[in-house]
Amino acid sequence: QQQVKQSPQSLIVQKGGISIINCAYENTAFDYFPWYQQFPGKGPALLIAIRPDVSEKKEGRFTISFNKSAKQFSLHIMDSQPGDSATYFCAASLLNDMRFGAGTRLTVKP
Amino acid sequence: DAGVTQSPTHLIKTRGQQVTLRCSPKSGHDTVSWYQQALGQGPQFIFQYYEEEERQRGNFPDRFSGHQFPNYSSELNVNALLLGDSALYLCASSSGQRFNQPQHFGDGTRLSIL
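Have a look at this one:
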């Protein structure tokens, strides 16, 4: 069963713009929320992750915003570059379970 | 520092056959988890191996089995292959059994069933 809903399915952004991908989860026991970046022919690479005791985490151009009460979290990519074009997956996990969203295909146009 | 390595990269089989996929975890990691990623979908958890035993299992039939060796490497075996088994099979490694920590993925094995 799907426990992590990700949107949008695809996203087109101009170079220099902000890309925003959203995820919603159901199980309030989840306590670790990573984002993965996947290029064609490659495995997912961990981009950034957050735990529910903080509302925001920033690493370079990538920021996770976390809303515990709404059971939602989002990835913001600032100053998006063509090299950011990839599929992004959110995930939610706890001690003995990990669920992925269906993915967002991001295209950054030059 | 070698990351997670998987072999082979591509494999073509026919229905009813059996297949074995292999994974070497990242240096320093002792836990291996296997995932199935269908085209256009997120990875689905198959099972996890720690201390040479299957510790967690997702909603996959018994046709999917595995093994972990003393050097922490792992194999995924699939018997009686079905067309629906066509997918990218990913191996992820971590230090310890917990899922709520960073997992490092390999580039996967693309399995095609004819």
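Sequence order for the protein chains is A and B.
Note that the numbering used here numbers the first sequence so that position 70 is 80, with each residue one more than the last.
Note that the numbering used here numbers the second sequence so that position 45 is 37, with each residue one more than the last.
Every residue gets a Cβ at the ideal spot worked out from N, C-alpha and C, and that includes glycine.
### Query
In chain order, what residues of the segment 23 to 35 of chain A put their CB closer than 7 angstroms to some CB of chain B?
none
#### Entry: Residues of the segment 78 to 101 of chain B whose Cβ lies closer than 9 angstroms to any Cβ of chain A, in chain order
Leu80, Leu82, Cys83, Ala84, Gln89, Arg90, Phe91, Asn92, Gln93, Pro94, Gln95, His96, Phe97, Gly98, Asp99 and Gly100
### Query
What number of angstroms, rounded off, separates the C-alpha of Ser16 of chain B from the C-alpha of Lys25 of chain A?
As a working note, residue 16 of chain B is residue 24 in the second sequence. As a working note, residue 25 of chain A is residue 15 in the first sequence. Ser16 of chain B and Lys25 of chain A: Cα-Cα distance of roughly 38 angstroms.
### Task
Find the residues of chain A that neighbour Gln33 of chain B, judging by a C-beta separation of less than 8 angstroms, and give them in chain order.
Looking up residue 33 of chain B in the second sequence gives position 41. Residues of chain A passing the Cβ test: Ala112 and Gly113.
### Query
Taking C-beta to C-beta, are Leu106 of chain B and Thr6 of chain B nearer than 8 angstroms?
Residue 106 of chain B sits at position 114 when you count from the first residue of the second sequence. Residue 6 of chain B sits at position 14 when you count from the first residue of the second sequence. Yes, the pair counts as a contact, with Cβ atoms nearer than the cut-off.
### Task
For Leu105 of chain A, go through chain B and note every residue whose CB falls closer than 7 angstroms to its CB, in chain order.
Looking up residue 105 of chain A in the first sequence gives position 95. Going along chain B in sequence order, the residues near Leu105 of chain A (Cβ under 7 angstroms) are Arg90, Phe91 and Asn92.
### Query
Buried or exposed: Ser58 of chain B, going by 16 or more other Cβ atoms within 10 Å of its Cβ?
For the purposes of this step, residue 58 of chain B is taken as the residue at position 66 of the second sequence. A small correction: the amino acid at residue 58 of chain B is Gly; Ser does not occupy that position in the sequence shown. Buried, since its Cβ has 16 or more Cβ neighbours within 10 Å.
### Query
Contact check, Gln47 of chain A vs Ala112 of chain A under 8 angstroms by CB: the rounded distance?
Counting from one through the first sequence, the residue named residue 47 of chain A turns up at place 37. Counting from one through the first sequence, the residue named residue 112 of chain A turns up at place 102. About 15 angstroms; that fails the 8 angstroms criterion.
### Task
List the residues of chain A that Gln113 of chain B touches, going by C-beta distances under 7 angstroms, in chain order.
Here chain B covers residues -7 to 106 and nothing more, so residue 113 of chain B does not appear.
### Task
Check whether the Cβ atoms of Ala84 of chain B and Val(-4) of chain B lie closer than 8 angstroms to each other.
Counting from one through the second sequence, the residue named residue 84 of chain B turns up at place 92. Counting from one through the second sequence, the residue named residue -4 of chain B turns up at place 4. Yes.
### Task
Kindly say whether Phe52 of chain B, judged by its beta-carbon, lies nearer than 8 angstroms to any beta-carbon of chain A.
As a working mapping, residue 52 of chain B is identified with position 60 in the second sequence. Not closer than 8 angstroms to any Cβ of chain A, the Cβ of Phe52 of chain B fails to qualify, so no.
### Message
With a threshold of 8 angstroms between beta carbons, is Gly93 of chain A in contact with chain B?
### Response
Residue 93 of chain A sits at position 83 when you count from the first residue of the first sequence. With a threshold of 8 angstroms between beta carbons, Gly93 of chain A makes no contact with chain B.
### Task
Count the CB pairs spanning the segment 31 to 44 of chain A and the segment 79 to 96 of chain A that are closer than 8 angstroms, and state whether there are at least three.
yes
### Own chain partners of Thr73 of chain A with C-beta closer than 6 angstroms, once the 5 adjacent residues on each side are dropped
Position 63 of the first sequence holds residue 73 of chain A. So the list reads His86, once near-sequence residues are dropped.
### Query
Between the segment 53 to 70 of chain A and chain B, which residues of the former have a C-beta closer than 9 angstroms to a C-beta of the latter?
Gly53, Pro54, Ala55, Leu56, Ala59 and Arg61
### Query
Could you check where the beta strand (DSSP E) with Gly20 of chain B kicks off and where it finishes?
Residue 20 of chain B sits at position 28 when you count from the first residue of the second sequence. That residue, Gly20 of chain B, is in no beta strand (DSSP E); it is neither H nor E in DSSP.
### Query
Checking contacts by CB at 8 angstroms: is Tyr98 of chain A closer than that to chain B?
Position 88 of the first sequence, counting from 1, holds the residue named residue 98 of chain A. No - not a single Cβ of chain B is within 8 angstroms of the one on Tyr98 of chain A.
#### Entry: Helix, strand or coil at Leu75 of chain B [DSSP, three-state]
In the second sequence, the residue the question calls residue 75 of chain B occupies position 83. In this structure, Leu75 of chain B counts as helix in the three-state DSSP scheme.
### Message
Using beta carbons (cut-off 8 angstroms, strictly below), is Gln48 of chain B in contact with chain A?
### Response
Start at 1 with the first residue of the second sequence, and residue 48 of chain B comes out as number 56. Judged by the 8 angstroms Cβ criterion, Gln48 of chain B is in contact with chain A.
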